[in-house]
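Numbering of the sequence shown is given in UniProt numbering, commencing with residue 1 and proceeding in unit increments.
This report concerns only the one structure given below.
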Amino acid sequence: MQQKPTAGCSTVSYELPNPQQLRQQLPVSEQFAETITRQRNAVRAVLNQTDNRLLVVVGPCSIHDPQAALDYAKRLAQLAQRVEGQLLLAMRVYIEKPRTTVGWKGLLYDPHLDGSYDMRSGLELSRSLMLQVAQMGLPVATELLQPLAAQYFADILSWAAIGARTSESQIHREMVSGLALPVGFKNGTDGSVQVAIDAMRSAAYGHQYMGVDEQGQIALLQAAGNTDTHLVLRGGQHGSNYDALSVRAASSAMEQSGLQPSIMVDCNHANSGKNPLRQPEILGDVLQQKLSGNKSLRAVMIESHLEEGSQALGKSMHYGVSVTDACLGWAKTERMLLEAAEQLAG
Ligand SMILES: O=C[C@H](O)[C@H](O)COP(=O)(O)O
Ligand SMILES: C=C(OP(=O)(O)O)C(=O)O
Numbered sequence: 001m002q003q004k005p006t007a008g009c010s011t012v013s014y015e016l017p018n019p020q021q022l023r024q025q026l027p028v029s030e031q032f033a034e035t036i037t038r039q040r041n042a043v044r045a046v047l048n049q050t051d052n053r054l055l056v057v058v059g060p061c062s063i064h065d066p067q068a069a070l071d072y073a074k075r076l077a078q079l080a081q082r083v084e085g086q087l088l089l090a091m092r093v094y095i096e097k098p099r100t101t102v103g104w105k106g107l108l109y110d111p112h113l114d115g116s117y118d119m120r121s122g123l124e125l126s127r128s129l130m131l132q133v134a135q136m137g138l139p140v141a142t143e144l145l146q147p148l149a150a151q152y153f154a155d156i157l158s159w160a161a162i163g164a165r166t167s168e169s170q171i172h173r174e175m176v177s178g179l180a181l182p183v184g185f186k187n188g189t190d191g192s193v194q195v196a197i198d199a200m201r202s203a204a205y206g207h208q209y210m211g212v213d214e215q216g217q218i219a220l221l222q223a224a225g226n227t228d229t230h231l232v233l234r235g236g237q238h239g240s241n242y243d244a245l246s247v248r249a250a251s252s253a254m255e256q257s258g259l260q261p262s263i264m265v266d267c268n269h270a271n272s273g274k275n276p277l278r279q280p281e282i283l284g285d286v287l288q289q290k291l292s293g294n295k296s297l298r299a300v301m302i303e304s305h306l307e308e309g310s311q312a313l314g315k316s317m318h319y320g321v322s323v324t325d326a327c328l329g330w331a332k333t334e335r336m337l338l339e340a341a342e343q344l345a346g
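What follows is the structure in structure tokens.
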């Protein structure tokens, strides 16, 4: 007799809210929606070259402690006002982490950091934190990894990344084609810039695709197509790609594909060889390029937390230290951004 195949997956919980329910529970008022639209338009204006400031997407590699994230946001909001003439600061509120193999996947999945996967609380904590950060006047930036999760947060975001591990994914390109916000596609982990350029061309198209609607019903969706996209250079397996030669090569590759060059340099990841202390030096290089007249360099990404370095998840954890990639500490971040603003002011 033929054996019934063992199921590869079983349901753990039906307790997750649908996007509409979470939005009702943690709403964006009409007035606040206007504020978010203003934040998003400000980010858009820098990326589209109508505002000549530098966009800085800065903050922890991942959020594991909402209280520390709010503490960080408070400091960043104050700094944002001091540098607003030259820099537009947006905060990294990264609640999903793509792992090379396995590891903690972020606040959204496992907010108690103990493998209990209380995703209902993860959804609530993540949305609530994003709302509070936006209310402090900071545009909210995140990586969109699980396409089903995007709808829970998209109304708060001013910027999103598609990471190096997913830029080549058609599913993510379809999702971006249906988002009304600026999105950066990262080059691949192997350093390939072409996958991100292909992604931008694909996302500009009005895809029809399988997704879920606001009520969580599986549906065939029609996207409007998103041309508000740009390239993020994050380095790759063979080294960095933030230098003037690499940036020029990336700009011409974009032009050859019919895209207006708009580039963000990620100062950490493979560009710093995962040494966060190199970020000020890399930012310095980008500023030099911008000051020498490079118009396609619009933005940078910085991984920064309250304290320098990283720590493993465990019983005795330190406040304000990253549990994923190592970060620059607040004091050095603040100094670096004040100096950058001064340099750009001339
Ligand atoms: O930015 C974060 C990490 O570089 C990325 O999530 C991969 O992490 P991992 O290689 O530690 O899994
Ligand atoms: C995971 C990230 O980056 P990348 O996709 O470049 O590895 C990140 O910015 O947190």
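A virtual CB, placed ideally from N, CA and C, is assigned to each residue, including glycine.
Sub-8 angstroms separation of residue i and residue j beta-carbons
i: Gly188; j: Gly239; result: no
i: Gln106; j: Ser62; result: In the sequence as displayed, the identity of residue 106 is Gly instead of Gln. Yes, the pair counts as a contact, with Cβ atoms nearer than the cut-off.
i: Leu231; j: Val193; result: yes
i: Gln279; j: Leu338; result: no
i: Asp325; j: Lys290; result: no
DSSP beta-bridge partners of residue i
i: Leu221; result: Tyr209
i: residue 419; result: Residue numbering for the chain in the displayed model covers 1 to 346; residue 419 lies beyond these limits and cannot be assessed.
i: Trp104; result: Answer by DSSP bridge pairing: none, since Trp104 is not bridged.
i: Ile302; result: Val58
i: Met317; result: None, per the DSSP bridge assignment.
Nearest to residue i (by Cα), restricted to the options the options
i: Val306; options: Gly293, Gly314 and Ser322; result: The amino acid at residue 306 is misidentified as Val; the sequence shows Leu. If we check each option's Cα against that of Leu306, Ser322 comes out closest.
i: Ala42; options: Ala68, Leu70, Gln86 and Asn18; result: Gln86
i: Ser158; options: Pro147, Glu143, Leu148 and His172; result: Glu143
i: Pro139; options: Glu84, Leu328 and Gly320; result: Glu84
i: Gly216; options: Asp110, Pro147 and Asp118; result: Pro147
i: Asp155; options: Asp266, Arg23 and Ser292; result: Arg23
i: Tyr209; options: Ser202, Leu221, Ser257 and Ala203; result: Leu221
i: Asp190; options: Gly314, Ala224 and Gly163; result: Gly163
i: Leu344; options: Met254, Ser169, Leu283 and Gly211; result: Leu283
i: Gly320; options: Arg40, Gln25, Ala33 and Tyr72; result: Tyr72
Per-residue DSSP class, three states only, for residue i
i: Glu15; result: coil
i: Lys290; result: helix
i: Leu266; result: The sequence given here has Asp at residue 266, not Leu. DSSP places Asp266 in strand when its eight states are reduced to three.
i: Ile162; result: strand
i: Met1; result: Unreliable placement is indicated for Met1, whose pLDDT of 48 sits below 50; the coordinate value is still reported in the next sentence. It is coil, neither helix nor strand.
i: Leu283; result: helix
i: Gly239; result: strand
i: Gly184; result: strand
i: Gly8; result: coil
i: Arg92; result: strand
i: Leu231; result: strand
i: Glu143; result: strand
i: Leu337; result: helix
i: Leu138; result: coil
i: Leu79; result: helix
Per-residue burial, residue i [other beta carbons within 10 Å of its own, 16 or more giving buried]
i: His64; result: buried
i: Met1; result: Residue placement at Met1 is flagged as unreliable, the pLDDT there being 48, under the threshold of 50; the coordinate-derived value follows with that caveat. Exposed.
i: Ser13; result: exposed
i: Ala180; result: exposed
i: Val102; result: exposed
i: Cys267; result: buried
i: Lys315; result: exposed
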